[in-house]
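**Student:** My structure is below; once you've seen it, I'll send some questions.
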Amino acid sequence: MSGYVKENKNSFAALWKLIEKFEGNGYEEIYETIFNNFSPEIKRKKTAETLRLALKNAGNFRINNSFPASKIKNIKEPGSEFSIPAAKYTLVDFWFSSCKPCLEQMPFFVDLYSRYHAKGFQIIGIATDQGKYKSSLLKIIGKFNIPWTNYWDVDGKQASEWTITSFPTNYLLDENGKIIAKNIPEKELSALLEKKLK
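This is how it looks when you write it as structure tokens:
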């Protein structure tokens, strides 16, 4: 597609194709390169500007970038804003209370947390439930006895701004708060912690 856009800088159809790829596959650095090859005329269109901002926000989550700041609140302590804890490894998990795949992974995370928390592993939950589902969210947290901090991104506004649209989505951070993996598989995460946090 990159070559096509270089030869067809004014193609509105190519712009829509890029949008489809971005929405379907999530962020890839090549998408910014492709976007930059469009003509100024195409880039001035409202649709293109929306895509540019989305790519910019999504680009904040590149590997080796610091996890971005946010003003979302702790669901149990509304006076407490989002922060990355001091830990050797922190898993940031985006989820919501009626997301079946999100809930299916909870027992694994609870077990992993119990085994490695004292050795330097942390989990942060970011729940994107709508405001009317707060009670359901709290019930799920209680049902699974989730011991880590969960922040409430009401109506998923922050996740949407960050172009996180599929759930669950997770990011693994190092001790400096830098992203070292996205959507790390359970077995891979378990193996990494077993190796690094002996």
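As numbered in my numbering, residues 110 to 307 make up the sequence shown, in order.
Virtual Cβ for every residue (Gly too), placed ideally from N, Cα, C.
Values in this document were obtained by computation on a predicted structure and should not be read as measured data.
What residue range is occupied by the uninterrupted beta strand (DSSP E) comprising T278?
**Tutor:** Locating residue 278 in the sequence shown gives position 169, where the first residue counts as 1. Start and end: T278 to L282.
**Student:** What does a CB cutoff of less than 8 Å around P210 pick up in its chain, not counting 5 residues either side in sequence?
**Tutor:** Within the sequence shown, the letter at position 101 stands for residue 210. The residues are F276 and P277.
**Student:** Here's the rule I'm using: 16 or more other beta-carbon atoms within 10 Å means buried, otherwise exposed. How should T199 be labelled?
**Tutor:** Indexing the sequence shown from 1 puts residue 199 at position 90. Per the 10 Å Cβ criterion, buried.
**Student:** Check whether the stretch 254 to 263 touches the stretch 218 to 226, counting contact only when three or more Cβ pairs, one atom from each stretch, lie closer than 8 Å.
**Tutor:** yes
**Student:** L62: buried (16+ other C-beta within 10 angstroms of its C-beta) or exposed?
**Tutor:** With the chain covering 110 to 307 only, the question about residue 62 has no answer from this structure.
**Student:** Where do the ends of the alpha helix (DSSP H) carrying I255 lie?
**Tutor:** Working through the sequence shown from its first residue, we reach residue 255 at position 146. Looking at the DSSP string, I255 is not in any alpha helix (DSSP H), and its letter there is neither H nor E.
**Student:** What beta strand (DSSP E) runs, 3 residues minimum, are completely inside the stretch 210 to 238?
**Tutor:** Here the runs fully enclosed are 230 to 236.
**Student:** Y136 by DSSP, collapsed to three states: which one?
**Tutor:** Here residue 136 is taken as the residue at index 27 of the sequence shown, counted from 1. The three-state reading of DSSP puts Y136 in coil, since its state is none of H, G, I, E or B.
**Student:** Measuring CA to CA, which of R171, E138, A167 and L124 is closest to S148?
**Tutor:** On the sequence shown, residue 148 is found 39 positions in, with the first residue counted as 1. Checked all of R171, E138, A167 and L124; the closest Cα to S148 is L124.
**Student:** Roughly how many whole angstroms lie between the Cα atoms of K165 and D283?
**Tutor:** Within the sequence shown, the letter at position 56 stands for residue 165. Within the sequence shown, the letter at position 174 stands for residue 283. One C-alpha to the other measures close to 23 Å.
**Student:** Got a sec? Which residues, its chain only, sit under 8 Å from Y140 by beta carbon, not counting five neighbours each side?
**Tutor:** If you number the sequence shown from 1, residue 140 lands on position 31. Counting only Cβ-Cβ distances below 8 Å, and skipping sequence neighbours, we find L127, K130, F131 and L164.
**Student:** How many angstroms separate the CA atom of L298 from the CA atom of I235?
**Tutor:** Taking the first residue of the sequence shown as position 1, residue 298 is located at position 189. Taking the first residue of the sequence shown as position 1, residue 235 is located at position 126. Cα to Cα, the separation comes out at about 19 Å.
**Student:** Starting from I289, trace the beta strand (DSSP E) in both directions and tell me its first and last residue.
**Tutor:** One-based indexing of the sequence shown puts residue 289 at position 180. It spans I288 to K291 - the beta strand (DSSP E) in which I289 sits, taken as one unbroken run.
**Student:** What does the alpha-carbon distance come out to for the pair V219 and A167?
**Tutor:** Numbered from 1 along the sequence shown, position 110 holds the residue referred to as residue 219. Numbered from 1 along the sequence shown, position 58 holds the residue referred to as residue 167. One Cα belongs to V219, the other to A167, and the distance between them is close to 28 Å.
**Student:** Which value, in whole angstroms, describes the spacing of the CA atoms of N169 and S269?
**Tutor:** Taking the sequence shown and counting its residues from 1, one reaches residue 169 at position 60. Taking the sequence shown and counting its residues from 1, one reaches residue 269 at position 160. Using only the alpha carbons, I get a separation of about 13 Å.
**Student:** In the DSSP assignment, what are the bridge partners of T156?
**Tutor:** Indexing the sequence shown from 1 puts residue 156 at position 47. According to DSSP, which records beta bridges pairwise, T156 is partnered with nothing at all.
**Student:** In three-state terms, what does DSSP make of N145?
**Tutor:** Along the sequence shown, read from residue 1 onward, the residue named residue 145 stands at position 36. Helix, per DSSP.
**Student:** Contact between the stretch 185 to 200 and the stretch 143 to 160: three or more CB pairs below 8 Å?
**Tutor:** No, the stretch 185 to 200 is not in contact with the stretch 143 to 160.
**Student:** Looking only at C-alpha atoms, which of L281, G265 and Y280 sits nearest to T274?
**Tutor:** For the purposes of this step, residue 274 is taken as residue 165 along the sequence shown, with counting starting at 1. Of the listed residues, the one whose Cα sits closest to T274 is G265.
**Student:** Measuring straight from C-alpha to C-alpha, what distance separates N174 and N117?
**Tutor:** Sequence index remark: in the sequence shown, residue 174 carries index 65 (1-based). Sequence index remark: in the sequence shown, residue 117 carries index 8 (1-based). Each residue's alpha carbon lies about 32 Å from the other.
**Student:** Within this structure, are the beta carbons of N285 and V201 separated by less than 8 Å?
**Tutor:** Taking the sequence shown and counting its residues from 1, one reaches residue 285 at position 176. Taking the sequence shown and counting its residues from 1, one reaches residue 201 at position 92. Going by C-beta atoms, N285 is not nearer than 8 Å to V201.
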